[in-house]
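According to the UniProt record's numbering, the sequence shown holds residues 1 to 173 in order.
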Amino acid sequence: MVFPGILFTLRIIAMIKPRFVLSILLTLLPALPSVAIELDEATRTVRSDVKGTQVTLTPEQVKRGKRLFNSSCGICHVGGLTKTNPNVGLDPEALSLATPPRDSIESLVNYMKNPTTYDGLESIAEIHPSIKSADIYPKMRSLSEEDLEAIAGHILIQPKVVSEKWGGGKIYY
């Protein structure tokens, strides 16, 4: 615990020598305990398939999914939005109302392999990154089945983590 007297002294010194205080804080920072948020099992549990089978993602799958989503999908889907069509997001309601519903790991993986329009009638593989169009979208080339499942898991747990912000629109992002 940092004592109030030390904080007061650091504030006074910061007014006079801000770089000195910054160097002290940077020196002490590694000694401070770091706290990472661990998601509980209920948060990590999502629909696996269209039948409603549930699966609990491991913490490693969650981290991997977040990293892969941010590097492969995040440029167009920041915060669960779709930049090219803000009316269709990655929020649970939009995913469940798609044809076919895309609210499970299995259905999202199928979509990432062969994307279709929201009504499911036409392929959009030429304009949406997918495994099918990996020649056009190089970030999709190296993604394995497990990578796609991790990305799908990330999409499905985000509403539990950031609630209405995920796919919530411009007011949040």
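Each residue gets a CB set at the ideal place from its N, CA and C atoms; glycine is no exception. All figures in this text were calculated on a predicted structure; none of them were measured in a lab.
Coil, strand or helix - residue i by DSSP
i, result
"Ser-144", "coil"
"Ser-71", "helix"
"Thr-116", "strand"
"His-77", "coil"
"Lys-165", "helix"
"residue 227", "Since the first residue shown for the chain is 1 and the last is 173, residue 227 is missing from the structure and cannot be characterised."
"Lys-66", "helix"
"Glu-93", "helix"
"Ala-150", "helix"
"Ile-37", "coil"
"Ser-133", "coil"
"Lys-160", "helix"
"residue 176", "Outside the shown range of the chain, which is 1 to 173, sits residue 176, and nothing can be said about it."
For residue i, the residue or residues it bridges with in DSSP
i, result
"residue 176", "The requested residue 176 is not part of the displayed model; the chain covers only 1 to 173."
"Ser-123", "Thr-116"
Of the listed residues the options, nearest to residue i (C-alpha basis)
i, options, result
"Leu-143", "Gln-54, Arg-67 and Arg-19", "Arg-67"
"Thr-45", "Leu-57, Lys-51 and Leu-148", "Leu-57"
"Ser-133", "Tyr-118, Gly-120 and Tyr-111", "Tyr-111"
"Pro-101", "Asn-114, Asn-87, Thr-53 and Tyr-118", "Tyr-118"
"Arg-141", "Asp-147, Ile-131 and Val-78", "Ile-131"
"Gly-120", "Tyr-137, Leu-95, Lys-139 and Asp-135", "Leu-95"
"Lys-165", "Asp-103, Val-78 and Glu-60", "Val-78"
"Ile-171", "Thr-9, Ile-37, Pro-86 and Phe-20", "Pro-86"
"Gly-52", "Glu-106, Thr-9 and Arg-19", "Glu-106"
C-beta contact flag for residue i and residue j at 7 angstroms
i, j, result
"His-154", "Phe-69", "yes"
"Ala-150", "Arg-64", "yes"
"Cys-76", "Lys-83", "yes"
"Asp-91", "Gly-167", "yes"
"Ile-124", "Pro-115", "yes"
Any chain D beta carbon closer than 7 angstroms to residue i
i, result
"Lys-165", "Looking at the structure shown, chain D is missing, and only one protein chain is on hand."
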